[in-house]
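The block underneath contains the structure these notes are about, expressed in C-alpha cells.
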Amino acid sequence: MLRFDLHSHSTRSDGLLAPAALVARAAERGVRTLALTDHDELGGLPEARGAAIQHDIKFINGVEISVSWNGETLHVLGLRIDPAHPELETQLALLREGRRKRANLMAKKLEEIGIEGALEGATAHVSNPEFVGRNHFARFLARSGYAKNEGRAFDKYLARGKPGYVDHKWAPLWNAVQWITSSGGTAVLAHPGRYRLSESNVLRLLYEFKEVGGEAIEVVTSNHNVRERTFFAHVARRLDLLASCGSDFHDPNNRYRDFRQLPDLPVDLKPVWWNWN
Ligand code: AMP
Ligand code: MN
Ligand code: MN
Ligand code: MN
Numbered sequence: 041m042l043r044f045d046l047h048s049h050s051t052r053s054d055g056l057l058a059p060a061a062l063v064a065r066a067a068e069r070g071v072r073t074l075a076l077t078d079h080d081e082l083g084g085l086p087e088a089r090g091a092a093i094q095h096d097i098k099f100i101n102g103v104e105i106s107v108s109w110n111g112e113t114l115h116v117l118g119l120r121i122d123p124a125h126p127e128l129e130t131q132l133a134l135l136r137e138g139r140r141k142r143a144n145l146m147a148k149k150l151e152e153i154g155i156e157g158a159l160e161g162a163t164a165h166v167s168n169p170e171f172v173g174r175n176h177f178a179r180f181l182a183r184s185g186y187a188k189n190e191g192r193a194f195d196k197y198l199a200r201g202k203p204g205y206v207d208h209k210w211a212p213l214w215n216a217v218q219w220i221t222s223s224g225g226t227a228v229l230a231h232p233g234r235y236r237l238s239e240s241n242v243l244r245l246l247y248e249f250k251e252v253g254g255e256a257i258e259v260v261t262s263n264h265n266v267r268e269r270t271f272f273a274h275v276a277r278r279l280d281l282l283a284s285c286g287s288d289f290h291d292p293n294n295r296y297r298d299f300r301q302l303p304d305l306p307v308d309l310k311p312v313w314w315n316w317n
C-alpha cells in the first residue's frame, strides 16, 4: 500500500474542507504522504503542514496551476515547491486577479440569460476572498435552484460552450513549469486524460511538457477511467515520465473522490517520489 495522495483542494481554493480538516480526514483514512494542491494558491500550506505534524503524516507543499495551451485549459501540479518563492507567489497572485475578472464576465453572461446576482451568489461560497472559481458559481446555481446539483450546473451553464462559460487566458505552459522548477518543485501534468485533445495532440503536449522541464504525469486519479489509467501508464513507460497519483479531493460528500479510494500505481512505473527522502 503506497498511501500517497498528491492532489487535493481546501477552502483556500474550491474545496470544502479547511486545510487542517482536510489533513485530518486524509490521516484518518490512511494517507501517509499528502500534498495540498490548491488552484493557483499557496495560502493553505502552513496550516496544512502544522496539521500534518499533529497527525504524524508527511506533508508535501503543492499547487495546481491553470495553464492555457493551444486553446485548451490544462492543469499543472507543482510538488515540493517553495511557498516563499517570490516569482511563484507573484505570478499566482496575477492568476487569481484574472479569476476575479473572469468571474465578473461570467456573472454578466449569466445575467444575459436571466440569472441575477451570480457574482454575489458565488462570492457567498468563497472562503478565501482572493480566490473565486467555477465551483463557487456551481454551488450558487445549485442552491438557487437553477440546477439539480453542482455537476448539472457545469453541464448546463459552466462547461465550455455553455452560456456562463468565459474563455480565459491562463499561464503559458513553459512559464508555469518554470515557476515550479525554479522554486525547487517538480512539475506534474494533472489528469492528462481529461483534456479535449486527440491522442496525437496529447502526445505532442507531453513532448512539449518534457522539453520545458515537466517530469511527471498523473496516472491514477479520480479523473481517469480504467482505460485512461491504462493508457497513461503505457505513455509514462514509453516517454520515460515519472508517475503520480492523487484523489483530486474537493468535497467530503463525494465518495468517488475521497482519500484511499483509488488503486496503487502500477508497480513497474517510476513514481514521482522515487528520490524523495
Ligand atoms: P476553474 O479553475 O475555476 O475554471 O474551475 C475548475 C474546477 O471546476 C475543476 O478543478 C473542478 O473542481 C471543477 N469542474 C470542472 N469541470 C467540472 C464538471 N464538468 N463537473 C464538476 N466539476 C467540474
Ligand atoms: Mn477544483
Ligand atoms: Mn485539475
Ligand atoms: Mn485539482
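Going left to right, the sequence shown walks through residues 41 to 317 as the working numbering numbers them.
Beta carbons: idealized from backbone N, C-alpha and C, even for Gly.
- request: Please confirm whether Ala227 and Leu135 have their CB atoms less than 8 Å apart.
  value: no
Close Cβ partners of His95 (< 7 Å) along its chain, the five nearest in sequence each way excluded: Val63, Ala64 and Ala67
- prompt: Going along the chain, which residues put their C-beta within less than 6 Å of some heavy atom in ligand 2?
  reply: His49, Asp54, His79, Asn175 and His290
- prompt: Distance, Cα to Cα, Ala187 vs Phe180?
  reply: 9 Å
field: Residue from Gly173, Ser238 and Leu279 whose Cα sits closest to the Cα of Ala32
entry: This structure gives no information on residue 32, because the portion of the chain shown stretches from 41 to 317.
- prompt: Ends of the alpha helix (DSSP H) at Val217?
  reply: Leu213 to Ser222
message: Would Arg297 and Phe289 qualify as a contact pair, given that the criterion is a beta-carbon distance under 8 Å?
response: For Arg297 and Phe289, yes; Cβs fall inside 8 Å.
query: Is Ser106 near ligand 1, in the sense that its beta carbon is under 7 Å from a heavy atom of that ligand?
result: yes
message: Distance check for Lys250 and Asp308, CA to CA, integer angstroms please.
response: 20 Å
- prompt: Is the distance from the Cβ of Gly102 to the Cβ of Leu46 below 8 Å?
  reply: yes
message: Could you check whether the region 124 to 140 touches the region 241 to 250, counting it as contact only if at least three pairs of C-beta atoms, one from each stretch, sit closer than 8 Å?
response: Per the Cβ contact rule, the region 124 to 140 is not in contact with the region 241 to 250 (fewer than 3 Cβ pairs under 8 Å).
message: Using a Cβ-based criterion (distance less than 7 Å to any ligand heavy atom), does His47 qualify as near ligand 4?
response: yes
- prompt: Among Ile97, Glu152 and Ala216, which one has its Cα closest to the Cα of Arg43?
  reply: Ile97
query: What is the DSSP secondary structure of Asp24, reduced to helix, strand or coil?
result: Nothing can be reported for residue 24, as the shown portion of the chain is limited to 41 through 317.
- request: Closer than 8 Å by C-beta to Leu152: which residues in its own chain qualify, once you throw out the five before and the five after it? Chain order, please.
  value: Per the sequence shown, the amino acid found at residue 152 is Glu instead of Leu. Contacts found: Pro203.
query: Hey, would you say Tyr235 sits closer than 8 Å to Glu112, going by beta carbons?
result: yes
task: Using only the heavy atoms of ligand 1, determine whether one of them is closer than 7 Å to the beta carbon of Glu129.
output: no
field: Contact test: Ala230 Cβ vs ligand 5 heavy atom, cutoff 7 Å
entry: Looking at this structure, you won't find ligand 5 anywhere; what it does contain is ligand 1, ligand 2, ligand 3 and ligand 4.
- prompt: For Val172, which of helix, strand or coil comes out of DSSP?
  reply: DSSP places Val172 in coil when its eight states are reduced to three.
field: Cβ-heavy atom distance, Asp195 to ligand 4, below 7 Å
entry: no
message: What would DSSP say about Glu248, mapped onto helix, strand or coil?
response: When secondary structure is reduced to three states using DSSP, Glu248 falls in the helix class.
field: Beta-carbon contacts of Arg8 that lie in its chain and below 8 Å, excluding the five residues immediately before and after
entry: The structure shown has nothing for residue 8, since the chain only spans 41 to 317.
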